[in-house]
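For what it's worth, our numbering labels the leading residue of the sequence shown as 1, then goes sequentially.
Notes to accompany the following structure.
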Amino acid sequence: MAEPAEPAVVRLRAALRTFAEIQYDSARHHGGELAALLHSGEHVDRARQRLREFVENLIAEAAQDGDLRDDVAAGELAGYCLHALTAAGTVDSHDAVHRLVAVTLAGLGTPAPPP
Numbered sequence: 001m002a003e004p005a006e007p008a009v010v011r012l013r014a015a016l017r018t019f020a021e022i023q024y025d026s027a028r029h030h031g032g033e034l035a036a037l038l039h040s041g042e043h044v045d046r047a048r049q050r051l052r053e054f055v056e057n058l059i060a061e062a063a064q065d066g067d068l069r070d071d072v073a074a075g076e077l078a079g080y081c082l083h084a085l086t087a088a089g090t091v092d093s094h095d096a097v098h099r100l101v102a103v104t105l106a107g108l109g110t111p112a113p114p115p
């Protein structure tokens, strides 16, 4: 993970990359049905909510810094990121995980000005 003194966008990139790597590794070690059984319940729901809030706060901070788009609510973008990166469990290499993170982050970039 990135140091707290790093800009929010750098910390966000590190957090999303870590999340995607966990998805990738988890899919290889636990399998789908077993993972679903083990990763259910109220404690898991609370952890997911804390993760979403953490990502949302980083996105909001990075948007305030001018590094990410601010035309979409940070909560919506956090949901987009976490949902998109669950696909890391289906890719076949760490390089593919890193590409997925890059594509997801590109979707958060500042929007182009209207023509």
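Quick reminder that beta carbons are idealized off the backbone N, C-alpha and C, glycines included.
#1: When we look at the beta-carbon of R11 and count the other beta-carbons within 10 Å, is it buried (16 or more) or exposed?
#2: Just checking my contact of L77 with L16 at CB under 8 Å: how many whole Å lie between their CB atoms?
#3: Can you look up V44 in the DSSP assignment and give me helix, strand or coil?
#4: What is the rounded straight-line gap between the Cα of Q23 and the Cα of T90?
#5: Since I believe L85 is in contact with A20 (beta carbons under 8 Å), could you give me their beta-carbon distance rounded to a whole number of angstroms?
#6: Taking just the CA atoms, how far does A88 sit from P7?
So, from the listed chains and residues:
#1: Burial is judged here by how many other beta carbons sit within 10 angstroms of a residue's own beta carbon; R11 has at least 16 and is buried.
#2: Rounded to the nearest angstrom, the Cβ distance from L77 to L16 is 11 Å, too far for a contact under 8 Å.
#3: For V44, the secondary structure class from DSSP, reduced to helix, strand or coil, is helix.
#4: Spanning the two alpha carbons is a distance of roughly 9 Å.
#5: Yes, they are in contact, since the Cβ atoms of A20 and L85 sit about 4 Å apart, within 8 Å.
#6: Cα to Cα, the separation comes out at about 25 Å.
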